[in-house]
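Chains as they are written, first to last, in the UniProt record's numbering: chain B, 1 to 399; chain D, 1 to 399. C-beta: ideal position from N, C-alpha, C; glycine also. Let me begin by presenting the structure, written as structure tokens, before commenting on it.
There are 2 protein chains.
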Amino acid sequence: MGLPKIVVLGAGYGGLMTVSGLQKQLNHQEAEITLVNQNPYHYVTTKLHEPAAGTLSPEYARVPIKSVVDTNKVRFVEDRVTGFDPDKKEVYLENASDPLTYDDLVFALGANTETFGAKGVLENAHLINNLNSVRMIREHMEYMFSQYQNTEEKRDDLITIVVGGAGFTGIEYIGELVDRIPKLCREFDIPRDQVRLISIEAAPTALPGFDKELVDYAVQYLEERGVEFRLSTPIEEVTTDGVVLKGGEEIKAATVVWTCGVRGNSLLEEAGLETMRGRIKVDEYLRAPGYENLYVIGDNSLIINPENERPYPPTAQMATQQGETLAKNLVAALRGGSPAPFEFSLKGTLASLGRGSAIGVVGNKKLFGFSASVMKRLNDWRWFYLLGGLSLMMKKAKF
Amino acid sequence: MGLPKIVVLGAGYGGLMTVSGLQKQLNHQEAEITLVNQNPYHYVTTKLHEPAAGTLSPEYARVPIKSVVDTNKVRFVEDRVTGFDPDKKEVYLENASDPLTYDDLVFALGANTETFGAKGVLENAHLINNLNSVRMIREHMEYMFSQYQNTEEKRDDLITIVVGGAGFTGIEYIGELVDRIPKLCREFDIPRDQVRLISIEAAPTALPGFDKELVDYAVQYLEERGVEFRLSTPIEEVTTDGVVLKGGEEIKAATVVWTCGVRGNSLLEEAGLETMRGRIKVDEYLRAPGYENLYVIGDNSLIINPENERPYPPTAQMATQQGETLAKNLVAALRGGSPAPFEFSLKGTLASLGRGSAIGVVGNKKLFGFSASVMKRLNDWRWFYLLGGLSLMMKKAKF
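Structure below.
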């Protein structure tokens with residue numbers, strides 16, 4: 001009989017924490033661990049808004065998988081998952097003719113974009129999704145700026161940027177733009193006040209769900225730096241020319257970035273599993289209902305916050321804690337022990353507003369401005385420390 | 001009676017050297033000098049291939065006019081020349097209702113693009129023309145690279161660059177690309193050998209008119225670094241998809257840069273002057289035939305090389321020497337002296353092949369490789385020294 005096969009799909013926060021826990025705790029002869037990821041690197045999703053704005057090199061947000069995975073203990077497969085069958089216990093890959101088989105599957109492939117029924121989003125909007133898409137956002141924006149001076153009529157839409165969604169990612173992204181745009185203006189000889197930055201949000205407030213005092217701080221900070229907010233304003237369509245708002249108003253903008261939210265990965269529905277907005281309501285051991293050996297973590301897992309009976313928002317913090325617990329439980333199961341139920345512990349929430357400012361809550365304390373921004377940076381470093389220890393942290397801290 | 005009015009159109013090499021000579025030699029009460037330029041800065045045309053490739057900041061190639069012109073002696077008008085009438089002695093500007101009048105006019109507005117009858121050049125090709133156009137070339141190329149990873153089918157044309165023309169500018173530009181492309185490939189995770197750099201030239205050799213040994217060196221240097229040469233191959237059309245060669249072959253390329261040559265400024269023909277390929281065959285005092293007070297210098301002047309009975313190619317060196325002579329002659333005329341005939345003295349010719357190499361002839365000596373590249377750099381600095389003295393030279397040398 002072969003060793004038990006644990007297959008982890010996806011090298012995001014959740015997948016990597018699972019693998020990291022397994023390789024630390026398991027010996028060679030206990031299990032065969034396989035990690036599948038479509039890129040040879042992990043990217044730090046919570047930092048992607050920075051390369052998207054051009055304020056940070058994408059290299060900061062990237063960690064080669066081989067530098068954090070112990071290839072003596074874990075087999076790494078660079079491939080794209082095209083589907084899986086939880087009854088046959090098989091995973092299908094784009095470039096492999098035979099399916100991967102497993103005893104335990106950890107589904108940690110990350111989310112898909114939620115369009116909320118708006119038309120043209122996937123065709124015409126840019127997405128802060130991965131390293132490739134954010135490099136393109138930056139280049140797209142710069143290309144539009146460079147065209148401005150080369151058109152006879154100086155088209156204002158070329159230097160208008162619409163950010164759809166004033167949630168976490170949208171606010172963090174526009175915060176970076178507030179830093180970047182003055183530099184771009186100097187580079188391309190464009191007066192700063194010609195450039196429009198517009199944040200459009202369907203909810204009546206920016207950062208829905210956040211503490212009001214912090215939201216007010218963020219909105220004022222951004223407005224003072226030229227951001228226009230359009231609240232209670234759903235986007236009906238993203239076109240090749242810009243966006244059409246509910247009611248019919250059109251805003252012409254050559255750059256539209258969609259940050260309105262995510263839904264679960266479509267592979268879950270395609271595998272016949274029951275989902276809520278694409279996510280799986282997992283049990284206390286992070287398992288999909290009806291499947292003893294299918295674990296779903298990260299953006300694809302739905303867990304209800306007992307305090308308000310609403311789902312926790314999908315975050316890196318959640319995925320990381322799930323990965324840690326899951327690794328321990330998988331090890332316990334292999335050794336005949338019993339698993340511990342997962343409990344989410346919210347350490348805090350921080351949203352950056354560009355390089356020098358942020359807002360957030362840590363413990364019971366509200367943070368504003370520069371001190372929040374330092375906390376945010378320390379938090380980034382913590383992730384690199386968890387992933388690759390001191391040496392990786394120091395390498396990234398140099399950026 | 002007012003002071004004699006000298007109007008200089010264009011702040012390129014020729015125009016600036018004229019103004020620089022005038023302001024050094026003339027006293028306040030001798031003439032009213034006006035310089036017209038559409039930008040508040042001079043740009044170093046011979047360096048534009050570098051920002052176009054992204055190997056150098058466009059700021060290196062830019063010098064603010066107010067930093068080199070003595071505004072106590074010279075009136076600077078930032079405007080675009082829309083036409084002139086050499087009989088009425090009037091110059092028409094885009095943003096002024098009244099024409100500028102003059103006693104002496106120096107026409108130094110620079111050249112237009114020569115398409116040699118190829119279709120679609122002005123619509124679909126990029127031009128290494130000015131600061132705005134080269135910033136756009138760079139951004140365009142990078143944007144295409146960023147798109148490559150975001151297309152399902154990995155379209156090769158997105159990372160194919162065609163340079164039309166293997167003359168001076170074309171070779172210098174592709175030399176920069178040879179340096180830049182490996183960096184871009186790393187930045188966008190594209191294998192270097194996927195990228196195609198194609199130099200297309202109608203003549204049977206690259207760098208027509210250059211010493212064969214130097215041409216062979218340049219071609220081998222570039223070929224070893226992945227450049228494909230297509231010689232004796234005129235481009236018939238530039239399309240939105242790439243280029244169509246004579247005979248019908250199509251090369252798909254998202255980036256096409258046209259460096260095939262220049263012709264005289266169309267304003268000369270529009271003013272009713274007789275031209276040869278848009279250029280004016282000036283007399284020995286750099287005057288247009290039939291007009292005592294219309295001087296044409298730089299790319300718009302045609303001067304025959306007595307050694308081979310062919311026109312000198314338009315170069316920065318030629319324009320600079322013309323500006324120096326013309327300033328002296330204008331001063332002499334104001335003071336009742338006689339003008340000296342212009343004689344071009346070829347100091348040397350250097351073509352860069354990226355950062356670390358160049359070829360050229362200085363005096364009777366052929367130069368190759370790094371030493372040529374150092375000479376080329378010194379030559380750039382010499383221009384900054386001529387323009388703005390030691391302080392400007394030192395500032396630029398820091399780049």
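Interface flag, residue i vs chain D, CB-CB below 8 angstroms
{"i": "R135/B", "result": "yes"}
{"i": "G132/B", "result": "The residue you asked about is not Gly; residue 132/B is Asn in the sequence shown. Cβ-Cβ to chain D under 8 angstroms: yes for N132/B."}
Partner residues on chain B for residue i, Cβ-Cβ distance less than 7 angstroms
{"i": "Q147/D", "result": "M136"}
{"i": "Y143/D", "result": "E139, H140, Y143"}
As assigned by DSSP and simplified to three states, the class of residue i
{"i": "V74/D", "result": "strand"}
{"i": "G83/D", "result": "strand"}
{"i": "V162/D", "result": "strand"}
{"i": "D103/D", "result": "coil"}
{"i": "V257/D", "result": "strand"}
{"i": "P64/B", "result": "strand"}
{"i": "R196/B", "result": "strand"}
{"i": "E309/D", "result": "coil"}
{"i": "F368/D", "result": "strand"}
{"i": "N293/B", "result": "coil"}
{"i": "E139/D", "result": "helix"}
{"i": "L277/D", "result": "The sequence shown places Arg at residue 277/D, rather than the Leu named in the question. Correct three-state label for R277/D: coil."}
{"i": "T115/B", "result": "coil"}
{"i": "I33/D", "result": "strand"}
{"i": "Y285/D", "result": "coil"}
{"i": "G209/D", "result": "coil"}
{"i": "T349/B", "result": "strand"}
{"i": "R186/B", "result": "helix"}
{"i": "V244/B", "result": "strand"}
{"i": "R155/B", "result": "coil"}
{"i": "R225/B", "result": "coil"}
{"i": "A319/B", "result": "helix"}
{"i": "R230/D", "result": "strand"}
{"i": "A11/B", "result": "coil"}
{"i": "K398/B", "result": "coil"}
{"i": "A358/B", "result": "strand"}
{"i": "H49/D", "result": "helix"}
Nearest-angstrom Cβ-Cβ length linking residue i and residue j, presumed shorter than 8 angstroms
{"i": "S146/B", "j": "E139/D", "result": "4 angstroms"}
{"i": "N37/D", "j": "I65/D", "result": "6 angstroms"}
{"i": "V227/D", "j": "L184/D", "result": "Incorrect: roughly 15 angstroms between the Cβ atoms, too far for contact."}
{"i": "R225/D", "j": "V178/D", "result": "4 angstroms"}
{"i": "V262/B", "j": "H126/B", "result": "Not a contact, Cβ separation roughly 15 angstroms."}
{"i": "Y312/D", "j": "I303/D", "result": "5 angstroms"}
{"i": "L56/B", "j": "F344/B", "result": "Contact flag wrong, Cβ pair sits at about 29 angstroms."}
{"i": "L350/B", "j": "K366/B", "result": "Actually they are not in contact, since the Cβ atoms of L350/B and K366/B sit about 11 angstroms apart, beyond 8 angstroms."}
{"i": "L392/B", "j": "V63/B", "result": "7 angstroms"}
{"i": "N112/D", "j": "G278/D", "result": "7 angstroms"}
{"i": "E284/D", "j": "P341/D", "result": "4 angstroms"}
{"i": "M18/D", "j": "V106/D", "result": "Note that residue 18/D corresponds to Thr in the displayed sequence, not to Met. Yes, T18/D and V106/D are in contact; Cβ-Cβ is about 5 angstroms, under 8 angstroms."}
{"i": "A253/B", "j": "D157/B", "result": "6 angstroms"}
Quiz prompt | Interface positions of the region 175-197 of chain D facing chain B (Cβ-Cβ less than 7 angstroms), listed along the chain | solution = F188
Quiz item: Using a beta-carbon distance cut-off of less than 7 angstroms, what residues from the region 148-168 of chain D approach chain B?
Solution: Q149, N150
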